[in-house]
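A short write-up of the structure that comes next.
Protein chains: 4
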Amino acid sequence: MELNGVTIDNTFAEGFPIWVSRVIITAVTREYAMKAATEATGFATSAIGCPCEAGIEGYLSGDETPDGRPGVSIMICASKKKLPEQVMERIAECVLTAATTSVFNGLPEAEEKFDIKIHFFGDKFESKVEIGGRACWKIPIMEGDYVGEEVFGMVKGVAGGNFFVMAENQMAALLGAQAASDAILEVKGTITSFPGGIVASGSKVGSKNYKFPIPATTNEQYCPSIRDKVPDTKVPEGVKSIYELVINGVDEAAVKKAMAAGIKAAVKVPGVTFISAGNYEGKLGPFQLKLHEILA
Amino acid sequence: MELNGVTIDNTFAEGFPIWVSRVIITAVTREYAMKAATEATGFATSAIGCPCEAGIEGYLSGDETPDGRPGVSIMICASKKKLPEQVMERIAECVLTAATTSVFNGLPEAEEKFDIKIHFFGDKFESKVEIGGRACWKIPIMEGDYVGEEVFGMVKGVAGGNFFVMAENQMAALLGAQAASDAILEVKGTITSFPGGIVASGSKVGSKNYKFPIPATTNEQYCPSIRDKVPDTKVPEGVKSIYELVINGVDEAAVKKAMAAGIKAAVKVPGVTFISAGNYEGKLGPFQLKLHEILA
Amino acid sequence: MELNGVTIDNTFAEGFPIWVSRVIITAVTREYAMKAATEATGFATSAIGCPCEAGIEGYLSGDETPDGRPGVSIMICASKKKLPEQVMERIAECVLTAATTSVFNGLPEAEEKFDIKIHFFGDKFESKVEIGGRACWKIPIMEGDYVGEEVFGMVKGVAGGNFFVMAENQMAALLGAQAASDAILEVKGTITSFPGGIVASGSKVGSKNYKFPIPATTNEQYCPSIRDKVPDTKVPEGVKSIYELVINGVDEAAVKKAMAAGIKAAVKVPGVTFISAGNYEGKLGPFQLKLHEILA
Amino acid sequence: MELNGVTIDNTFAEGFPIWVSRVIITAVTREYAMKAATEATGFATSAIGCPCEAGIEGYLSGDETPDGRPGVSIMICASKKKLPEQVMERIAECVLTAATTSVFNGLPEAEEKFDIKIHFFGDKFESKVEIGGRACWKIPIMEGDYVGEEVFGMVKGVAGGNFFVMAENQMAALLGAQAASDAILEVKGTITSFPGGIVASGSKVGSKNYKFPIPATTNEQYCPSIRDKVPDTKVPEGVKSIYELVINGVDEAAVKKAMAAGIKAAVKVPGVTFISAGNYEGKLGPFQLKLHEILA
Chain A
1 MELNGVTIDN
11 TFAEGFPIWV
21 SRVIITAVTR
31 EYAMKAATEA
41 TGFATSAIGC
51 PCEAGIEGYL
61 SGDETPDGRP
71 GVSIMICASK
81 KKLPEQVMER
91 IAECVLTAAT
101 TSVFNGLPEA
111 EEKFDIKIHF
121 FGDKFESKVE
131 IGGRACWKIP
141 IMEGDYVGEE
151 VFGMVKGVAG
161 GNFFVMAENQ
171 MAALLGAQAA
181 SDAILEVKGT
191 ITSFPGGIVA
201 SGSKVGSKNY
211 KFPIPATTNE
221 QYCPSIRDKV
231 PDTKVPEGVK
241 SIYELVINGV
251 DEAAVKKAMA
261 AGIKAAVKVP
271 GVTFISAGNY
281 EGKLGPFQLK
291 LHEILA
Chain B
1 MELNGVTIDN
11 TFAEGFPIWV
21 SRVIITAVTR
31 EYAMKAATEA
41 TGFATSAIGC
51 PCEAGIEGYL
61 SGDETPDGRP
71 GVSIMICASK
81 KKLPEQVMER
91 IAECVLTAAT
101 TSVFNGLPEA
111 EEKFDIKIHF
121 FGDKFESKVE
131 IGGRACWKIP
141 IMEGDYVGEE
151 VFGMVKGVAG
161 GNFFVMAENQ
171 MAALLGAQAA
181 SDAILEVKGT
191 ITSFPGGIVA
201 SGSKVGSKNY
211 KFPIPATTNE
221 QYCPSIRDKV
231 PDTKVPEGVK
241 SIYELVINGV
251 DEAAVKKAMA
261 AGIKAAVKVP
271 GVTFISAGNY
281 EGKLGPFQLK
291 LHEILA
Chain C
1 MELNGVTIDN
11 TFAEGFPIWV
21 SRVIITAVTR
31 EYAMKAATEA
41 TGFATSAIGC
51 PCEAGIEGYL
61 SGDETPDGRP
71 GVSIMICASK
81 KKLPEQVMER
91 IAECVLTAAT
101 TSVFNGLPEA
111 EEKFDIKIHF
121 FGDKFESKVE
131 IGGRACWKIP
141 IMEGDYVGEE
151 VFGMVKGVAG
161 GNFFVMAENQ
171 MAALLGAQAA
181 SDAILEVKGT
191 ITSFPGGIVA
201 SGSKVGSKNY
211 KFPIPATTNE
221 QYCPSIRDKV
231 PDTKVPEGVK
241 SIYELVINGV
251 DEAAVKKAMA
261 AGIKAAVKVP
271 GVTFISAGNY
281 EGKLGPFQLK
291 LHEILA
Chain D
1 MELNGVTIDN
11 TFAEGFPIWV
21 SRVIITAVTR
31 EYAMKAATEA
41 TGFATSAIGC
51 PCEAGIEGYL
61 SGDETPDGRP
71 GVSIMICASK
81 KKLPEQVMER
91 IAECVLTAAT
101 TSVFNGLPEA
111 EEKFDIKIHF
121 FGDKFESKVE
131 IGGRACWKIP
141 IMEGDYVGEE
151 VFGMVKGVAG
161 GNFFVMAENQ
171 MAALLGAQAA
181 SDAILEVKGT
191 ITSFPGGIVA
201 SGSKVGSKNY
211 KFPIPATTNE
221 QYCPSIRDKV
231 PDTKVPEGVK
241 SIYELVINGV
251 DEAAVKKAMA
261 AGIKAAVKVP
271 GVTFISAGNY
281 EGKLGPFQLK
291 LHEILA
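Chains as they are written, first to last, in the UniProt record's numbering: chain A, 1 to 296; chain B, 1 to 296; chain C, 1 to 296; chain D, 1 to 296.
Right under this line is the structure:
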């Protein structure tokens with residue numbers, strides 16, 4: 001299959017279930033909502049080495065938020081057990097401390113809920129208020145009063161949506177991945193948790209050549225610079241650089257939509273020559289997100 | 001003491017020792033260095049709830065980096081014991097995965113050093129290279145080759161530099177704090193670890209009114225909205241909002257310089273009326289950063 | 001009338017007809033489309049002193065552009081006679097010269113059209129191509145090939161939509177205006193042509209106190225700092241600062257929608273106390289955009 | 001000559017005298033200074049089609065500005081005759097109207113001065129004030145009081161500093177040019193007036209193939225896509241895309257420094273293969289900025 005002259009590999013991304021919470025952060029202006037969202041979703045690229053995976057879902061206008069202020073929606077992803085604590089800590093450390101922010105439950109209809117009890121921070125100076133039909137707490141703080149919800153929904157979403165942008169040189173691959181990342185930012189219900197939405201280094205579980213235990217090492221099959229030294233390389237001929245887009249979403253449909261939007265954007269970038277995706281041959285994850293189906 | 005018509009309280013910020021590493025992140029353009037730096041310093045506002053405190057020290061031009069590329073310098077702060085692991089994880093998860101980045105030791109003359117052994121990620125495909133006189137490892141990854149140092153220095157720096165920007169209303173306090181944060185960004189050797197460099201909510205250890213254990217609750221003495229209910233309030237009359245700037249630095253001189261730059265910027269903002277600082281009456285921290293001395 | 005506790009003056013903005021073209025600028029990434037759009041809409045705040053009025057309407061995703069690349073939509077406004085030349089010059093100087101850009105007619109259904117003949121720049125090396133159903137020219141340039149339309153539509157739109165954000169101090173007024181400007185950016189069919197979308201200084205035609213001719217001087221009736229010296233001041237008591245939002249749109253409905261969105265955003269900002277609008281008592285402009293009706 | 005493996009052509013950029021004013025714009029925060037500076041330097045890429053050439057020289061910290069606020073320095077370039085009017089109009093339309101701004105003369109030691117008489121806008125409500133040793137006017141406006149200088153210096157500077165970034169494909173050329181543009185932003189005394197600092201299309205005077213008069217057409221000698229059709233092409237073999245950096249400066253030394261900084265940055269970008277510069281064989285401009293000398 002070709003799209004805009006770029007080969008689309010006949011393969012699939014392999015997705016896994018992950019629990020997802022969506023937190024709506026509002027502030028006096030977009031800029032201040034974004035500052036809090038950026039801090040709250042930092043150090044959260046991969047569940048392997050970070051406490052969770054998190055990213056920015058998108059901007060919200062005043063029409064779309066409970067308090068009528070501009071907002072940024074973030075998604076935090078982890079195991080069902082770890083998720084409540086991660087949401088709690090990231091709100092407490094990164095949003096409650098940020099200027100002019102409020103937080104709201106971005107999954108009000110989720111059946112699974114948890115309560116982060118942030119109002120104890122008020123030391124009994126806090127009070128209940130209703131904002132846009134939401135039960136909130138008002139907590140006196142230095143800037144004035146913090147207002148926010150503390151019950152959040154969580155849903156069983158999909159992690160590990162992905163595709164590779166391969167190109168004739170590194171800068172073409174990079175801007176292809178950038179265009180893909182920008183496009184995915186506009187797809188509701190999805191995030192890319194890596195820096196700037198782009199992954200520069202892929203890993204395999206364990207090590208082939210070191211004798212002592214290492215949790216993860218470079219995935220040499222996808223390394224263009226050692227293509228000639230790796231007999232089972234998966235780097236197509238002529239490809240000099242690869243970036244991966246990794247997508248988590250609230251459901252399979254959202255992840256597929258994001259993959260399609262990202263791939264369509266990447267193939268518009270001159271020098272991008274090949275699109276593929278990563279999987280474990282279907283042995284591990286229940287979701288097979290097939291590139292040709294997604295783009296059909 | 002008055003500065004630009006704003007009262008400067010006769011008090012001091014109380015600083016504590018903290019161990020600090022500086023990591024120089026370079027990339028193909030400033031923008032990509034900043035993306036990695038932002039991810040690597042996220043979820044790192046306060047050592048109380050985050051694994052470390054981290055922030056962006058500033059931009060570096062190609063003249064100032066070992067590989068001649070544009071860069072961003074970040075500082076990561078923690079206990080001596082925890083710091084190496086935090087530097088390791090944040091580089092491994094947030095910089096090695098980011099597009100086009102390299103990392104270099106930003107404290108090459110520090111006596112204390114640690115080694116993060118990131119080259120094992122190369123699974124023996126890695127090799128040694130020298131970049132700008134630095135011993136680096138070149139590791140094949142998807143985008144091409146990652147290049148970076150893995151021995152980093154750490155110094156005993158100063159945490160807890162701080163001052164309060166108080167104003168006649170919230171928006172004046174906010175822009176006063178913003179001007180301060182911008183000014184501090186230009187002072188070498190310092191960071192502000194909170195979102196956008198500004199702290200909206202201060203805390204005290206434990207709780208006064210709840211009977212069960214809570215690690216920290218709102219510092220009601222600095223809450224303008226309940227000023228009338230708190231007999232020992234520290235909110236000056238007429239002050240309606242307070243933001244705090246919290247500064248970590250490589251040494252006391254740098255923290256003082258940042259405090260001075262921040263305060264001078266804040267008092268230029270119309271509506272800012274009072275500057276103070278937080279301390280534990282000298283009982284805990286060895287550094288007393290006196291506002292009047294700093295500004296003299 | 002009150003909105004969120006803020007008084008809404010019982011008055012109207014007075015609008016005038018203006019001719020409007022919409023130009024869709026696409027590029028390899030959003031960032032590069034925005035760089036071109038920013039240059040192309042610069043020095044275009046007010047038709048009084050600038051060659052035209054221009055601004056950014058908003059971002060477009062790949063789904064919304066003829067070539068499937070990310071884009072920014074801009075609007076250029078002038079008299080019917082001057083508009084074609086302004087569109088021509090701003091595309092030729094600021095978009096054709098910008099990296100990776102294409103331009104498309106953003107008003108394909110407008111009855112009035114004009115042709116900017118940019119293909120002569122190709123010196124007969126140019127050729128016709130069709131992109132997304134649009135008749136375009138491909139012109140060889142240094143970066144590769146520039147591709148774009150050269151026939152543009154124009155419609156008789158509405159200029160002079162406006163409202164004033166008044167507050168208890170300057171920083172509250174500023175962030176109120178900022179929130180309004182951010183909100184208006186999301187309303188299709190409208191622009192704010194002033195720097196950052198905010199107007200800090202209002203003018204009246206001519207001069208009262210100087211004897212020689214001056215085209216425009218400060219509108220002292222709206223100057224809080226000299227409120228006591230101006231008997232017919234229109235500054236409400238307690239107001240210390242005023243910013244104006246000035247809106248142009250493709251039609252009256254769009255301007256009204258933008259005014260409503262902006263006012264709703266501004267009144268959420270603490271310290272904003274009064275919203276009004278500017279008019280010539282209905283003597284000049286055919287459109288009376290009444291605040292109470294717009295917000296009903 | 002080679003630099004980082006990239007060929008540096010043995011040629012020179014040909015510079016011309018141009019008159020330059022430097023305007024320092026300060027504001028409550030960096031962000032607001034930048035908004036005004038962006039508007040004031042828009043639609044000013046090339047003196048051929050724009051009223052002037054203008055660009056952002058760089059940020060200034062509070063230490064570097066007359067009023068101690070953060071600032072942005074811009075440079076406006078035109079003929080000696082046209083320059084005062086351009087400075088006047090861009091300040092009046094784009095800075096006086098922008099939130100919280102002041103302007104100061106950035107060339108206080110220049111022998112040539114001009115007076116833009118902006119204080120008449122105050123309609124006799126204005127008054128003289130001294131700020132940081134500068135004679136300023138305070139003019140009541142909507143936001144409060146505008147304060148700024150109105151006498152500006154101008155110097156005979158150098159226009160037309162330039163170099164070409166050539167690469168094996170378009171995205172490599174683009175990011176090479178971007179790295180160069182970022183580096184030049186840090187060189188005092190210089191600007192790049194084109195969108196984002198990068199020029200995508202070069203022109204020659206007049207036309208070769210059209211019979212009627214056209215002021216400028218594409219410079220086919222530097223068009224990679226028609227390399228095979230142009231016998232006297234200057235596109236080296238293997239080069240698929242070219243971007244130009246065009247630099248104006250306060251003097252020849254500054255322009256040379258910017259060219260060196262830009263070239264050194266560009267050659268670090270993978271895929272960039274060749275650096276050259278544009279000239280008229282020394283027939284027109286008095287300055288010959290030789291690449292090999294600049295980089296020696």
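In this text, a Cβ means the ideal position worked out from N, Cα and C, and glycines have one as well.
Note that the structure is predicted; figures quoted are calculated from it, not measured.
Nearest-angstrom Cα separation, counted from residue j out to residue i
i: Val20/B; j: Ala110/B; result: 10 Å
i: Gly5/A; j: His292/C; result: 55 Å
i: Thr100/C; j: Thr273/A; result: 18 Å
i: Glu64/B; j: Lys156/C; result: 54 Å
i: Ile18/A; j: Gly176/D; result: 40 Å
i: Trp137/D; j: Lys256/D; result: 37 Å
i: Gly153/D; j: Val250/D; result: 12 Å
i: Ile25/A; j: Ile74/A; result: 8 Å
i: His119/A; j: Ile131/A; result: 15 Å
i: Lys113/B; j: Ser127/B; result: 22 Å
i: Thr217/B; j: Cys223/B; result: 12 Å
For residue i, the nearest candidate out of the options (CA to CA)
i: Val187/D; options: Ala54/D, Gly58/D, Lys234/D, Leu3/D; result: Gly58/D
i: Thr97/D; options: Ile141/D, Glu130/D, Val239/D; result: Ile141/D
i: residue 298/C; options: Gly42/C, Val246/C, Gly122/C; result: Residue 298/C cannot be examined here, being either before or after the span of chain C that is shown, 1 to 296.
i: Val147/D; options: Ala200/C, Glu130/C, Phe104/C; result: Ala200/C
i: His121/D; options: Leu83/D, Gly132/D, Ile91/D; result: Note that residue 121/D is Phe in the sequence shown here, rather than His. Looking at the Cα atoms, Ile91/D is the closest of the given residues.
i: Pro66/D; options: Val103/D, Ala44/D, Glu89/D; result: Val103/D
i: Gln170/D; options: Ile242/D, Lys229/D, Lys208/D; result: Ile242/D
Sheet register partners of residue i (DSSP bridge)
i: Pro140/C; result: Asp145/C
i: residue 316/A; result: Here chain A comprises residues numbered 1 to 296, so residue 316/A is not present and cannot be evaluated.
i: Val272/C; result: Ala167/C
i: Met1/D; result: Bridge partners of Met1/D: none, in fact.
i: Gly71/A; result: Thr26/A, Leu60/A
i: Asp115/A; result: Val151/A
Cut-off 7 Å between Cβ atoms - residues of its own chain near residue i, not counting five sequence neighbours on either side
i: Asn162/D; result: Ala13, Glu244, Leu245, Val246, Ile247, Ala277, Gly278
i: Cys94/B; result: Ala36, Glu39, Ala40
i: Lys117/C; result: Glu150
6 Å CB neighbourhood of residue i in its chain, flanking five on each side removed
i: Arg227/B; result: Thr233, Val235
i: Asp145/C; result: Lys138
i: Gly271/B; result: Ala167, Glu168, Ala172
i: Lys80/A; result: Trp19
i: Phe287/C; result: Gly15, Val158, Glu252
Close Cβ partners of residue i (< 8 Å) along its chain, the five nearest in sequence each way excluded
i: Ala78/D; result: Ile18, Trp19, Ala47, Pro51, Cys52, Glu53, Gln86
i: Tyr32/C; result: Ala98, Ala99, Thr100, Thr101
i: Val129/A; result: Cys136, Trp137, Lys138, Val147
Inset, instruction - Could you name each continuous beta strand (DSSP E) segment of 3 residues or more that falls completely within the segment 212-266 of chain D, going from the start of the chain to the end? - result: 216-218, 241-249
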